[in-house]
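Take a look at the structure below.
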Amino acid sequence: MSAASGKDVRETRIVTRRLHEVADSYRYAVARADGAYDQLAAVLRAGDPADVQAQVKASGLRGRGGANFPTAVKWESLPAEVFPRYLVIIGDEGEPSTFKDRELIEKDPHQLLEGVAIEAYACDIHKAFIYLRGEFALGYDRLVQALADAKAEGWLGTNILGSGVDLDVVVHRGAGAYSGGEESALIESLEGKRGMPRIKPPLPIHAGLYAKPTVVNNVETASTLPHIVRMGGEEYAKLGVNRSTGTRVAAISGHVQRPGIYEIEFGMTFREILYGIAGGIREDRALKFFLPGGASFQWLTPSDEHLDQVYDIDDISAKLGTTLGSGAIMVYDETTDPLLVAWRLAKFYAHESCGKCTPWREGTGWIEKVLYRMSHGQGRPEDLDLLLSISATVSPDVMRAPFTQTTICPLGPSPVSAVASIAKYFRAEVDAACGVGVAGAATAGVDA
Amino acid sequence: MFSPELLVRAHEIIAQYPDPHSAILPLAHLAQDHDGWLTNEAMAEIAELVGTSPADVQGVCSFYTMYQRRPCGRLVVSVCTNVTCLVVGGPEVLAHLEARYAGDDDVLVEEVECLAACGNAPAMQVNYEYHEHLTPEMAAAVVDDYKSGQLRARGVSGGTP
Ligand SMILES: Cc1cc2nc3c(=O)[nH]c(=O)nc-3n(C[C@H](O)[C@H](O)[C@H](O)COP(=O)(O)O)c2cc1C
Ligand code: SF4
Ligand code: FES
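Listed below in structure tokens is the structure:
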């Protein structure tokens, strides 16, 4: 089966419309003919940055990087009259199975640049950095070319369209580090340091890049702004459900018929998303479990309660304690060993620890070791309880979702989500794999 | 080491930032694309260009996975085995390439974390160019095409071919 060619009537394509429906949408002439920069022109003509802020507030837009923080509220916290101030856009997508920003960067860089320019204008910012994941070589080439074209056409740079407004945009490449996606770590990295999260406060909005006020937003967040301007905030807010307004670009992967990125209006159920949008499970197998919001949060199962859960930021955390996180939805069929998935996630987290916090640096390494033997036929009967007790040092009250943070950034307790999930949903299977209740169960020769 | 043309580019990069220290990662990419790996000499030169110590530049660069600290051959093949690739054949691609290019000084095969290509898993990059939807045999054919020059490779730091 080839990838996401499937057009489903129920997608609501706003941010992803151009990249799906216009060939070569990354090219300046193509994007411009399709209306790129029209909204920037309208905003500059109107000359009312406060109105842009008001529209974004009315839209109810919440950050699409994973933390769901209301974008307009972040902007409002900028200290008045402190300059210079900076805008930093996160395109450092590294969360396992999250791949929406990569597509937005590679296929529609002009939409991103238009959003960046609108955001900078609304916040009275004149220098912006777009931080790309180092591995995104094609995205870097495309964005650098887009930037050069936009500048040559007068959409960026000095005295944009004769408005007197200046904006300098720099595309910056990282060099491989997941913790660098956390906003303060990203700022450290942008200052030419190791990508380690800072202790907060101060928040970046008060003292971020070079200790100056810094607005940090995700690529999808910025890419949505031209559409909020076009539609008007109130109209945008009519999409979605409750306080989850608009659409979300979900990256669906794993054992579905049609993996890929899909733009989903908030309010759909997971059943509709997995079986309608993504075409159901490959080869008509049974669904075993899925991760509704990326690698860091608790898993869900094929129960009616979980499949009928609505894609709503607040509802899912209130009812099921998990979150929509980075927008990734990972789907596993009946052939999957949950221990193997849990182990691979723990391996990722152990590898990506920046090393600053002890519970994380030490605890995650142990979780990975125990999960390794459990998932490779060498588990011991006491292993699940051992795992839960190690996890409690990283995140007390292990089973609680999302998790309890003992560390500088939320990366530390993330692997505990997988541990809690297997303990909650797959205890019997795990016990069987580890020889619980079997006399003289194999514990042969594995040293953790 | 920075040639005169490379130095011009280096100064352009530095000038983009309010603080030259911010240019360390981009300059290290520039040097690595040129030299094929990140040498101590290049890091010392970067230190001088941005006004810091060589130890500072080494401390920063060693934190990031993309910098090669010893000669690595012409091709860096990065195979993903994270959770989506894991369940659709990523580890098999990795094992096949590791066996096939063991002892080949031209090719460094490495296991990496999610490449944000999970919609088309399993995936790998060759010098940061994506190749997706792989089988072990297809992956080897791609690497061979780079080896023979049939496919033009980016720099080892992903610089434009
Ligand atoms: C460990 C860690 C990794 C993160 N990685 C990313 C990332 O890859 N991309 C991203 O946009 N946000 C990431 N975030 C969230 C950002 O720090 C930040 O909250 C968010 O992107 C801000 O932008 P938004 O409000 O527009 O979402 C990460 C957070 C943590 C704690
Ligand atoms: S939890 Fe601590 S050690 Fe882990 S990435 Fe965050 S700051 Fe670094
Ligand atoms: S898990 Fe392999 S590319 Fe994402």
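Sequence order for the protein chains is A and B.
Using this note's numbering, the letters of the first sequence correspond one by one to residues 1 to 448.
Using this note's numbering, the letters of the second sequence correspond one by one to residues 449 to 609.
Built from N, CA and C at the ideal position, the CB exists for glycine as well.
query                                                                                                                                                                                             : result
Alpha carbons only, please: which of A:G192, A:K193, A:E191 and A:I187 is nearest the one belonging to K200 of chain A?                                                                           : A:I187
Quick check on A441 of chain A - is its C-beta less than 8 angstroms from some C-beta in chain B?                                                                                                 : Reliability of the predicted coordinates at A441 of chain A is poor, the pLDDT of 46 falling under 50, and the value obtained from them is presented with this limitation in mind. A441 of chain A does not count as touching chain B.
Please determine whether the Cβ atom of I329 of chain A lies at a distance below 7 angstroms from any heavy atom of ligand 4.                                                                     : With respect to small molecules bound, the structure shown includes ligand 1, ligand 2 and ligand 3 and not ligand 4.
Check whether the region 312-324 of chain A and the region 371-381 of chain A touch, using three or more Cβ-Cβ pairs below 8 angstroms as the test.                                               : no
Please report the Cβ distance between F99 of chain A and A587 of chain B, rounded to the nearest whole angstrom; I am assuming they are in contact, meaning their Cβ atoms lie under 8 angstroms. : Between A587 of chain B and F99 of chain A the Cβ distance is about 19 angstroms, and since that is not below 8 angstroms, they are no contact.
Going by Cα to Cα distance, which pick from A:Y140, A:D149, A:D168 and A:V170 is closest to T608 of chain B?                                                                                      : A:Y140
Looking at L542 of chain B and ligand 3, is the gap between the Cβ and the nearest heavy atom below 7 angstroms?                                                                                  : no
T269 of chain A by DSSP, collapsed to three states: which one?                                                                                                                                    : strand
Per DSSP, which one or two residues make a beta bridge with P70 of chain A?                                                                                                                       : A:R62
Within 8 angstroms (strictly less), CB to CB, does K356 of chain A reach chain B?                                                                                                                 : no
Under 7 angstroms: does the beta carbon of L411 of chain A sit that close to some heavy atom of ligand 2?                                                                                         : yes
Is DSSP giving M572 of chain B helix, strand or coil here?                                                                                                                                        : strand
When the Cα of I273 of chain A is compared with those of A:P292, A:Y372 and A:D337, which residue comes out closest?                                                                              : A:P292
Can you list, in chain order, the residues of its chain with a C-beta nearer than 6 angstroms to that of L478 of chain B? Leave out the 5 residues immediately preceding and following it.        : none
Going straight from the alpha carbon of T364 of chain A to that of R522 of chain B, what length do you get?                                                                                       : 35 angstroms
For ligand 1, I want to know if T221 of chain A counts as a neighbour, meaning its beta carbon is within less than 7 angstroms of at least one of the ligand's heavy atoms.                       : yes
In whole angstroms, what separates the C-alpha of L386 of chain A from that of V370 of chain A?                                                                                                   : 8 angstroms
Rounded to whole angstroms, what's the CA-CA distance from M112 of chain A to A177 of chain A? Just pull it up for me.                                                                            : Met is not the amino acid found at residue 112 of chain A; the sequence shown has Leu there. Between L112 of chain A and A177 of chain A, the C-alpha separation is close to 23 angstroms.
Classify S317 of chain A as helix, strand or coil using the three-state DSSP reduction.                                                                                                           : helix
Take R32 of chain A and list the residues in its own chain whose beta-carbon comes closer than 7 angstroms to its own, dropping the five residues that flank it on each side.                     : none
For L340 of chain A, would you say it is in contact with chain B, using Cβ-to-Cβ distances shorter than 8 angstroms as the test?                                                                  : yes
Shorter than 8 angstroms from the beta carbon of D24 of chain A to some beta carbon of chain B?                                                                                                   : no
Should the region 336-352 of chain A be called in touch with the region 257-265 of chain A, which here means at least 3 C-beta pairs below 8 angstroms?                                           : no
So, does the CB of S417 of chain A fall closer than 8 angstroms to a CB anywhere in chain B?                                                                                                      : no
Closer than 8 angstroms between beta carbons: that is the criterion. Which residues of the region 473-494 of chain B meet it against chain A?                                                     : L473, P474, A476 and H477
Which of the three DSSP states, helix, strand or coil, is assigned to H20 of chain A?                                                                                                             : helix
Can you find the residues in the same chain that come closer than 7 angstroms, C-beta to C-beta, to T16 of chain A, ignoring five residues on each side of it along the sequence?                 : V249, I261 and E263
Run through chain B and tell me which residues come within less than 9 angstroms of D124 of chain A, C-beta to C-beta.                                                                            : Under the 9 angstroms cutoff, chain B gives no residues; its nearest Cβ is about 17 angstroms from D124 of chain A.
Around the Cβ of A428 of chain A, are there at least 16 other Cβ atoms within 10 angstroms (buried) or fewer (exposed)?                                                                           : exposed
Measuring from the CB of S179 of chain A, is there a heavy atom of ligand 1 at a distance below 7 angstroms?                                                                                      : yes
Pick helix, strand or coil for R548 of chain B, following the three-state DSSP scheme.                                                                                                            : helix
Is S353 of chain A near ligand 2, going by C-beta to nearest heavy atom under 7 angstroms?                                                                                                        : yes
Would you please verify whether the beta carbon of F348 of chain A is less than 8 angstroms from any beta carbon of chain B?                                                                      : yes
Taking only three categories from DSSP, how would you classify A601 of chain B?                                                                                                                   : coil
Please list, in chain order, the chain A residues whose beta carbon lies closer than 7 angstroms to that of A564 of chain B.                                                                      : E93, T98, F99 and R102
Let me know the secondary structure DSSP gives T393 of chain A once reduced to three states.                                                                                                      : helix
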